[in-house]
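**Q** Residue numbers (my numbering): 8 to 346. Ideal placement from N, C-alpha and C gives every residue a C-beta, glycine not left out. Remember, predicted model here, so these are calculated numbers, not experimental data.
(1) Under the DSSP definition of a beta bridge, which residues are partnered with residue 169?
(2) Taking the alpha-carbon positions, what's the residue 54 to residue 161 distance?
(3) What does the Cβ neighbour count give for residue 270, buried or exposed, with the cut at 16 atoms within 10 Å?
(4) Let's see if you can read the secondary structure: which residues bound the beta strand (DSSP E) around residue 271?
(5) Need the endpoints of the alpha helix (DSSP H) that residue 282 sits in, please.
(6) When you compare only the Cα positions, how much space is there between residue 181 and residue 324?
(7) So residue 264 packs on residue 300, CB below 8 Å; how close in whole Å?
(8) Along the chain, where does the beta strand (DSSP E) that runs through residue 77 open and close?
(9) Got a sec? Which residues, its chain only, sit under 8 Å from residue 23 by beta carbon, not counting five neighbours each side?
(10) What did DSSP end up calling residue 34 once you bin it into helix, strand or coil?
(11) On a CA-only basis, which of 172, 217 and 37 is nearest residue 134? Give me that one, please.
(12) Touching or not, the stretch 135–143 and the stretch 219–226, by the rule of three or more beta carbon pairs under 8 Å?
(13) Between the alpha carbons of residue 173 and residue 73, how many angstroms are there, rounded?
(14) Three or more beta-carbon pairs under 8 Å between the stretch 281–291 and the stretch 44–61, yes or no?
(15) Of the choices 185, 171 and 47, whose alpha-carbon is the least far from that of residue 198?
Next up, the structure:
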């Protein structure tokens, strides 16, 4: 009865470019600040705690005429079955009729839109002259964070990679990053940038201008006393209750922005500092889209510590999925099916 388009992972990888995804994510943050979107309640379930779980994020892009959802599952034992641990599926629907529009693989879209989010937090809150970037976590999403941040910060001279669980992962990341950026993410490689795997997180923190955390940590990895004035944090990994990547004391006195206020209070980096009364909801300066829309100001001075708490919303997935469908139409990609 309904004809819809299906895009597989290989097609989304071919279609999506980091610079256009950044622009799309930036626009959807702006729309959210102006009340042109809705984020629906998050659904999360653990089938086996610490081993297998799933979450459903959904929302409505009023101006784009669509709503939809992304279902992501994480099965830690999948590597033994030669399957990816993270599997995602995105569904889009027409908001005028409720009819399905399309279905896409969500893994690549999750990675690239998350990279765009972390970099946009830096764009609007970090010092423009930032030269040293520290990525905490060397997993799948880390490469997207590097690609997006380098796209927005041409003055970066050094990229440090730290992995709390396995230093070898950081080393392998550094060895492979040129190939990943050029061949997988289609980002030009600047030979003048130094990529370094680091063991000393305290020392690396102390000389970083921008720090992006992408880990599943439940205890702080970075302590407040290590942080120099003027540092910016984009905290990406804390996306469910109990997760925590940085010392709550870092947030005391920092200028803090979030991607979605209510979601971040319950599952983001600000969750635990609020529960411990280190900060209050009123201490949050606003949502990142409010800076983009010109409603409020981001960084106030060069000495200020700034934090962007990004838990990720379906809005980012939906706008990126729409971009993928638009580009697929131009390139005659995808498979049409009747449902």
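**A** If we stick to the structure as given:
(1) Reading the chain shown from its first residue, position 162 is the one you call residue 169. Looking at the DSSP output, residue 169 sits in a beta bridge with 143.
(2) Reading the chain shown from its first residue, position 47 is the one you call residue 54. Reading the chain shown from its first residue, position 154 is the one you call residue 161. Using only the alpha carbons, I get a separation of about 43 Å.
(3) Numbered from 1 along the chain shown, position 263 holds the residue referred to as residue 270. Residue 270 comes out buried.
(4) If you number the chain shown from 1, residue 271 lands on position 264. Element bounds for residue 271: not the beta strand (DSSP E) but the alpha helix (DSSP H), 268–274.
(5) Against the chain shown, residue 282 aligns to sequence position 275. For residue 282, the uninterrupted alpha helix (DSSP H) run begins and ends at 278–282, by DSSP.
(6) In the chain shown, residue 181 corresponds to position 174, counting from 1. In the chain shown, residue 324 corresponds to position 317, counting from 1. Spanning the two alpha carbons is a distance of roughly 28 Å.
(7) Taking the first residue of the chain shown as position 1, residue 264 is located at position 257. Taking the first residue of the chain shown as position 1, residue 300 is located at position 293. Rounded, the Cβ-Cβ distance is 12 Å, inconsistent with contact.
(8) In the chain shown, residue 77 corresponds to position 70, counting from 1. Taken as a continuous stretch (DSSP letters only), the beta strand (DSSP E) holding residue 77 covers 73–82.
(9) Translated into the one-based positions of the chain shown, residue 23 becomes position 16. Excluding positions up to five away in sequence, the list reads 115, 116, 119, 327, 330, 331 and 334.
(10) Here residue 34 corresponds to residue number 27 of the chain shown, with the count starting at 1. Helix.
(11) As a position in the chain shown, residue 134 is number 127, starting the count at 1. Of 172, 217 and 37, the residue nearest in Cα terms is 217.
(12) At 8 Å Cβ cutoff, the stretches touch.
(13) Translated into positions along the chain shown, residue 173 becomes position 166. Translated into positions along the chain shown, residue 73 becomes position 66. Distance between residue 173 and residue 73, taken at the CA atoms: about 42 Å.
(14) These segments do not touch.
(15) Along the chain shown, one-based indexing puts residue 198 at 191. Residue 198 has its Cα closest to that of 185, out of 185, 171 and 47.
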